Amino acid sequence: MDPEMGASSPYRNNPNGEPPSMSPSPSPRAPALVVSNSSKSLAVSNSAKSLLVSNSAKALLLSSSSKKMDASGKKKYVKQVTGRHNDTELHLAAQRGDPAAVRSILEEINAQMLKTMSGAEFDAEVGEIRAAMVNEVNELGETALFTAAERGYIDVVKELLPYTTKEGITIKNRSGFDPLHIAANQGHEAIVKLLLDHDPELSKTIGQSNATPLISAATKGHAVVVNELLAKDSSLLEIAKSNGKNALHFASRQGHVDVVKALLNKDPQLARRTDKKGQTALHMAVKGTSCKVVRLLLQADAATVMLPDKFGNTALHVATRKKRVEIVNELLLIRDTNVNALTRDNKTALDIAEALPFSEEIAEIKECLTRFGAIRANELNQPRDELRKTVTEIKKDVHTQLEQARKTNKNMNGIAKELRKLHREGINNATNSVTVVAVLFATVAFSAIFTVPGGDDEDDHSSEARNKIRKKGCRGDQQVDVVSLSLHYTSICFIRLHSCREA
1 MDPEMGASSP YRNNPNGEPP SMSPSPSPRA PALVVSNSSK SLAVSNSAKS
51 LLVSNSAKAL LLSSSSKKMD ASGKKKYVKQ VTGRHNDTEL HLAAQRGDPA
101 AVRSILEEIN AQMLKTMSGA EFDAEVGEIR AAMVNEVNEL GETALFTAAE
151 RGYIDVVKEL LPYTTKEGIT IKNRSGFDPL HIAANQGHEA IVKLLLDHDP
201 ELSKTIGQSN ATPLISAATK GHAVVVNELL AKDSSLLEIA KSNGKNALHF
251 ASRQGHVDVV KALLNKDPQL ARRTDKKGQT ALHMAVKGTS CKVVRLLLQA
301 DAATVMLPDK FGNTALHVAT RKKRVEIVNE LLLIRDTNVN ALTRDNKTAL
351 DIAEALPFSE EIAEIKECLT RFGAIRANEL NQPRDELRKT VTEIKKDVHT
401 QLEQARKTNK NMNGIAKELR KLHREGINNA TNSVTVVAVL FATVAFSAIF
451 TVPGGDDEDD HSSEARNKIR KKGCRGDQQV DVVSLSLHYT SICFIRLHSC
501 REA
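Residues in the sequence shown are numbered consecutively from 1, following the UniProt record's numbering.
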C-alpha cells in the first residue's frame, strides 16, 4: 500500500472494475474488512486482515489496539477521512444528526465480521472495531459523540454511547471540552442528563483554566442544566476556575437571575466567596446591568456591600466607575453602605465620578451620591481642620453677639443716666417753683400776722367798737396764718430732701 496514494482497493488494478479472481495461493491470508468512501459498504479482501477506509488519494493507517500490525497476518485498522477536518463517515453522520446512518455504519461491521469469525472472538473483535470508530477523533480532537453532543442530537448520542469507552467519553477537543462539558455549555439538558446517568463522575471533568461543566452552564445562563448538575453533585459549587471565580461570579456578571437563585439556594455563603482579586459576586454583578441580581445577592448577605477587593474597591466604587445609575441607587439604599469609603489610592465614589468624562449618567450618579452625603477625599481627610474652623466660627459669632450686647447695655445705661438727669432737673425746677410760691404764701401769711386790720379812724366811739371786733378777728387770722406758714415751710423742706436723695 502506498501511503501517499491511499489504501489499496481490491478493485484498483482491474480496469473493468470487477473483483479479481480468487485463485489459490501457497500462502493464503485472512480476509480484511474494507469500508469504501464511495459506496459506504463493506467488502472482504484476501490481502490482509485489516479495516480499510478509503479516502481516494490517501489513507490513514491507525491502530485501534496495542497490537503491532504487519503483513504477517496481524490486525491492521485504516480509517477513512474526508471533509475539512479529516472527519470520518461517523463524524459526518453525527454532524447531520442522522441516527439511521450511524446505526447502519456500526451494524455493517457485524455483517462483514460474521464472514470471518464467530463466538467470543467475534464479539471481542466487533467491540474493538466499533470502539475504535466511535472514539476516533478528527483534526480538532473531536469524536463523533462530541459532535452529536455539541449540536444537541440526542438520538445520535444514544446510538454512539453504548460503544464508547470510559476513556473515549472523556476525550477533550482542542478547547478542553469533553462531550458532557460541551453539552452543558450549549444548554442541552437532555443530553447532559443522559451522559450523567451513564457516568455521574463526568460532572467533575474540567476544561481549560479549571472550568467545570457547572461553570460553563452558569456562564451561559442554562438554569435547568445547572440544577441537573447540582442534583448529581452539589460539591461542584466549591470548584473555581484558576482565577478564583466560581459559578456564582460568572452568573452574576452576566445577569442570569434564575442561575443566581439556584446557586444561592444551594449555598447562600457563595455570596462571600472571593476570587484572586478579592472580588465577590456582588463586585461582578454591579459591572453588569441587572438590578435583580444585585438585589438577590444583597438579600443573601447585605454586608457584602462593604467588602473591598484587593484594590480597596467596594461595589459602590465599581458601579460608579461602570456608570450604572440604577445600581448605584440600589446600593445607596442599603444601610451598611458607606458612601465615603476610600479605595487604596484614597478616592471616594464622588472622586471617581468627577474624574470620568461628563455624561448624563455621571451627572445623575453625582447628584445621587451628593444627596446621600458624598464628599471628596481631600475634604474627608481633614476632619480636625474642619472642626477647628467650625469652633472658630462659633466663637466669633458668640464674641460678636456679646460685643453687641455690651454696646446695647452701654447705650441703655447712658439713656438711663440722661433720663435720671432730666428727672432731677425737672424736680429741681418744680421744687424751685414750689419754693417760690411757698415763700410768697409764707410772706403773705407772715405779713398778715403782724398787720392790724381796720386802719385809723377819728371817731372814738366807732373806733372803740371796731377795735373790739378787730381784736377778736385778728386773733383768728393770726392763728390761720401761722398754720399756713408752718405747712408751707414743711412742704418746702420735704421737697428739698426728696430732691437731694434723687440726686
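Cβ coordinates follow ideal geometry from the N, Cα and C atoms, glycine included. As the structure is a computational prediction, the values presented were derived from the model and not from experiment.
Legend entry - Nearest-angstrom Cβ-Cβ length linking N227 and A262, presumed shorter than 8 Å: 6 Å
Legend entry - Burial state of K241, where buried means 16 or more other Cβ atoms lie within 10 Å: buried
Inset, instruction - Work out the CA separation of I375 and A363 for me, nearest whole Å. - result: 15 Å
Inset, instruction - Determine, using beta-carbon pairs with one atom in the stretch 161 to 173 and one in the stretch 142 to 153, whether at least three such pairs fall under 8 Å. - result: Judged by Cβ distances under 8 Å, the stretch 161 to 173 makes contact with the stretch 142 to 153, as three or more pairs qualify.
Inset, instruction - Compare the beta carbon distance of K277 and D309 with 7 Å and say whether it is the shorter of the two. - result: yes
Legend entry - Three-state secondary structure (DSSP) of D87: strand
Inset, instruction - Return the CA-CA distance between L296 and F372, expressed in angstroms with no decimal places. - result: 23 Å
Inset, instruction - Kindly confirm or deny that the stretch 238 to 254 and the stretch 206 to 213 touch, where touching means at least three C-beta pairs closer than 8 Å. - result: yes
Inset, instruction - Taking the CB atoms as reference points, tell me whether T280 and T274 lie closer together than 7 Å. - result: Yes; because the gap between Cβ atoms is below 7 Å, this pair is in contact.
Legend entry - Length of the line joining the Cα atoms of K366 and A353: 6 Å
Inset, instruction - Would you kindly report the start and end of the unbroken alpha helix (DSSP H) that includes M284? - result: If you look at M284, you'll find it in the alpha helix (DSSP H) that goes 281 to 285.
Legend entry - Beta-carbon proximity list for G176, same chain, < 7 Å, skipping 5 on both sides: Result list for G176: G207, Q208, in chain order.
Legend entry - Sequence-distant residues of the same chain with beta carbon closer than 8 Å to residue 504, five excluded per side: In the structure as shown, the chain starts at 1 and stops at 503, and residue 504 therefore has no counterpart that could be examined.
Inset, instruction - Kindly list the residues whose CB is nearer than 7 Å to the CB of R130, restricted to its own chain and excluding five residues on each side of it in sequence; keep chain order. - result: L106, I109, Y163
Inset, instruction - Count the other C-beta atoms from every protein chain shown that fall within 10 angstroms of the C-beta of I327, then say buried if there are 16 or more, exposed otherwise. - result: buried
Inset, instruction - Assign H256 to one of three DSSP states: helix, strand, or coil. - result: coil
Inset, instruction - Could you tell me whether the Cβ atoms of V102 and V137 are closer together than 7 Å? - result: no
Inset, instruction - Counting only runs of 4+ residues fully inside the stretch 204 to 243, write out the alpha helix (DSSP H) ranges in chain order. - result: 213 to 220, 223 to 232
Legend entry - Spatially closest choice to V225 from N246, K245, L194, G255, by CA coordinates: L194
Inset, instruction - Spatial neighbours of T165 within its chain, please: CB distance less than 7 Å, with the 5 preceding and 5 following residues excluded, ordered by chain position. - result: A131, N135
Legend entry - Residue of N378, A303, L356 minimising C-alpha distance to N340: That would be N378, whose Cα lies nearest to the Cα of N340.
Legend entry - Buried/exposed call for H85, threshold 16 Cβ in 10 Å: exposed
Inset, instruction - Measure the C-alpha to C-alpha separation of A124 and E159 and round it to an integer number of angstroms. - result: Taking the straight line from one Cα to the other gives about 19 Å.
Inset, instruction - Indicate the three-state DSSP secondary structure (helix, strand or coil) for Y153 in the structure shown. - result: Residue state for Y153 is assigned as coil, using DSSP reduced to three classes.
Legend entry - Straight-line Cα distance separating N346 from P380: The sequence given here has Leu at residue 380, not Pro. Near 10 Å, if we compare the C-alpha coordinates of N346 and L380.
Inset, instruction - Give the range of the alpha helix (DSSP H) segment to which M113 is assigned. - result: 99 to 113
Inset, instruction - Give the range of the alpha helix (DSSP H) segment to which I365 is assigned. - result: 360 to 371
Inset, instruction - For R151, count neighbouring C-beta atoms within 10 Å of its own C-beta (all shown protein chains included) and say buried if the count is 16 or more, exposed if not. - result: buried
Inset, instruction - Please state whether DSSP places M22 in a helix, a strand or coil. - result: Because the pLDDT of M22 is 36, which lies under 50, any placement of that residue in the model is unreliable, and the number read from its coordinates should be weighed accordingly. Three-state result, M22: coil.
Inset, instruction - For L249, name the three-state secondary structure that DSSP assigns. - result: At residue 249 the sequence reads His, which differs from the Leu that was named. Of the three classes helix, strand and coil, the one that applies to H249 here is helix, per DSSP.
Legend entry - A30 (DSSP reduced to helix, strand or coil): With a pLDDT of 34 at A30, under the threshold of 50, the modelled position of this residue cannot be trusted, and the question is left open.
Legend entry - Those runs of the alpha helix (DSSP H) which lie wholly inside the stretch 283 to 359 and span at least 4 residues: 291 to 300, 315 to 321, 325 to 332, 349 to 355
Inset, instruction - Could you check what DSSP says for T143 in three-state terms: helix, strand or coil? - result: coil
Inset, instruction - Reducing DSSP to helix, strand and coil, say where G127 ends up. - result: helix
Inset, instruction - Could you tell me the distance, in whole angstroms, from the CA atom of V482 to the CA atom of K421? - result: Near 37 Å, if we compare the C-alpha coordinates of K421 and V482.
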